[in-house]
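**Student:** Before I ask anything, let me first share the structure, which is written out below as structure tokens.
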Amino acid sequence: MASPGESWARKFETFLQRYPRADGRRWRGVDFDRATNGYVNGSYVTALSKGRIEEPGLNKLRRISEVMGFPFLDWFQPAEIEARAGREELGVPKEDSISARLNYLFEAIPNDKTGKPFTDAEVAKQSLGRLSEEDLGRLRSSELPDPSREMLLALCDVFDVDFSYWDERAGQTELLGPDTLRALRDKESLAILHKSHALPDEDKSLIMTVLEELQRRRTTGGGSNVGDAGPQA
Numbered sequence: 001m002a003s004p005g006e007s008w009a010r011k012f013e014t015f016l017q018r019y020p021r022a023d024g025r026r027w028r029g030v031d032f033d034r035a036t037n038g039y040v041n042g043s044y045v046t047a048l049s050k051g052r053i054e055e056p057g058l059n060k061l062r063r064i065s066e067v068m069g070f071p072f073l074d075w076f077q078p079a080e081i082e083a084r085a086g087r088e089e090l091g092v093p094k095e096d097s098i099s100a101r102l103n104y105l106f107e108a109i110p111n112d113k114t115g116k117p118f119t120d121a122e123v124a125k126q127s128l129g130r131l132s133e134e135d136l137g138r139l140r141s142s143e144l145p146d147p148s149r150e151m152l153l154a155l156c157d158v159f160d161v162d163f164s165y166w167d168e169r170a171g172q173t174e175l176l177g178p179d180t181l182r183a184l185r186d187k188e189s190l191a192i193l194h195k196s197h198a199l200p201d202e203d204k205s206l207i208m209t210v211l212e213e214l215q216r217r218r219t220t221g222g223g224s225n226v227g228d229a230g231p232q233a
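So in UniProt numbering the end of the sequence shown lands on 233, straight run, no missing numbers.
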């Protein structure tokens, strides 16, 4: 079983591969140092990438995500649901192909500026030259079943979805729902997750027992002191 530090290192490596610099180069320690004015320095980046940091600071993780351009909450996505599509209730189509997934995005995600479904022309414009209307027509009609990585990355940017959305295995995963995302946006809830995610299973079970007892007492109108030994005489 991987240590907490190794788990963070694997996630960091995934992000380094998935989100290169604008010039296509891999992010280096010196890049983070410059982008954060030394807050995330080269030594910290090296230690994180080698699994030497078992409990990285939330602010450090936030700055790294800001610099690299991915959602901060992706640090806390369980591996089996990393294929979320970037919107709270976005699913995947039953027909599993690039064409079906792309057409689903056109149906599910409106253009923020117009409130209406995207047109091919609007997507081509927002792709900043990486996609043409002709490309989109071929993609949507399955005439281009194997698009380049650059094309898919352009679609990710336009529709605000993770690159793993295009993975066929994503259809087998459960995406994060609105309630979960709202909880993760709460600082206290996020801190609890951050402290507990690396604990062994038996400790997590203990935490769940405490939370369930607190919820039960709140529901029944009882006190919130979990340490109560029992009924008072």
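The beta carbon of each residue, even a glycine, is placed where N, CA and C say it ideally should be.
Below 6 angstroms CB to CB, which residues in the same chain sit around S65 once its five sequence neighbours on both sides are set aside?
**Tutor:** As a first step, residue 65 is located in the sequence shown; it is residue number 65 there, counting from the start. Excluding residues within five positions, the ones whose Cβ falls inside 6 angstroms are F72.
**Student:** Using only the alpha-carbon positions, how far apart do F106 and S49 sit?
**Tutor:** As a working note, residue 106 is residue 106 in the sequence shown. As a working note, residue 49 is residue 49 in the sequence shown. When rounded, the distance between both Cα atoms is 37 angstroms.
**Student:** Comparing C-alpha positions only, which one of I109, A108, E133 and T14 sits nearest to D120?
**Tutor:** Locating residue 120 in the sequence shown gives position 120, where the first residue counts as 1. Answer by Cα proximity: E133.
**Student:** Within a Cβ cutoff of 7 angstroms, which residues of the same chain sit near K11, ignoring the five residues on either side of it in sequence?
**Tutor:** Along the sequence shown, one-based indexing puts residue 11 at 11. For K11, where only same-chain residues beyond five positions count, the Cβ hits under 7 angstroms are W75.
**Student:** Using 10 angstroms around the beta-carbon of L199, count the other beta-carbons present and answer buried if the total reaches 16, otherwise exposed.
**Tutor:** Counted from its first residue, the sequence shown places residue 199 at position 199. Exposed is the call here.
**Student:** According to DSSP, which residues form a beta bridge with P56?
**Tutor:** Mapped onto the sequence shown, residue 56 falls at position 56. Partner(s): none; P56 has no beta bridge.
**Student:** What's the C-alpha gap between T14 and V158?
**Tutor:** Here the question's residue 14 lines up with position 14 in the sequence shown. Here the question's residue 158 lines up with position 158 in the sequence shown. Between T14 and V158, the C-alpha separation is close to 21 angstroms.
**Student:** Assuming P117 is part of the alpha helix (DSSP H), what are its boundary residues?
**Tutor:** Counted from its first residue, the sequence shown places residue 117 at position 117. Element bounds for P117: n/a, residue is neither H nor E.
**Student:** For P147, which residues from the same chain have a beta carbon less than 7 angstroms from its beta carbon, with the 5 sequence-adjacent residues on both sides left out?
**Tutor:** As a working note, residue 147 is residue 147 in the sequence shown. I98 and L139, listed in sequence order.
**Student:** Using a 10 Å radius around the Cβ and a threshold of 16 neighbouring Cβ atoms, would you call M68 buried or exposed?
**Tutor:** Within the sequence shown, numbered from 1, the residue matching residue 68 stands at position 68. Buried, by the Cβ-count rule.
**Student:** Could you check the C-alpha separation between T220 and L211 for me, to the nearest Å?
**Tutor:** Along the sequence shown, one-based indexing puts residue 220 at 220. Along the sequence shown, one-based indexing puts residue 211 at 211. Approximately 14 angstroms, taken between the alpha carbons.
**Student:** Taking the alpha carbon of A9 as the reference point, which residue from D23, R26 and I53 has its own alpha carbon closest?
**Tutor:** Counted from its first residue, the sequence shown places residue 9 at position 9. Closest by alpha carbon: I53.
**Student:** Taking the alpha carbon of S127 as the point to measure from, which residue in I109, D112, Y104 and L153 has its own alpha carbon closest?
**Tutor:** Residue 127 sits at position 127 when you count from the first residue of the sequence shown. Nearest of I109, D112, Y104 and L153 to S127, Cα basis: L153.
**Student:** Would you tell me roughly how many angstroms separate the C-alpha atoms of Q17 and D23, rounded to the nearest one?
**Tutor:** Locating residue 17 in the sequence shown gives position 17, counting from the first residue. Locating residue 23 in the sequence shown gives position 23, counting from the first residue. Their Cα atoms are separated by approximately 13 angstroms.
**Student:** Tell me whether D203, by its Cβ, gets closer than 8 angstroms to a heavy atom of the ligand GDP.
**Tutor:** No copy of the ligand GDP occurs in the structure displayed, which carries no ligand at all.
**Student:** May I ask which residues mark the beginning and end of the alpha helix (DSSP H) holding I207?
**Tutor:** Residue mapping note: residue 207 aligns to position 207 of the sequence shown, counting from 1. Element bounds for I207: D201 to T220.
**Student:** Expressed to the nearest angstrom, what Euclidean distance is found between the alpha-carbon atoms of G51 and Y44?
**Tutor:** Along the sequence shown, read from residue 1 onward, the residue named residue 51 stands at position 51. Along the sequence shown, read from residue 1 onward, the residue named residue 44 stands at position 44. C-alpha separation (whole angstroms): 11 angstroms.
**Student:** Cα-Cα, which of S141, P117 and L155 is closest to G129?
**Tutor:** Counting from 1 along the sequence shown, the entry for residue 129 is found at position 129. It is L155 whose Cα lies nearest to the Cα of G129.
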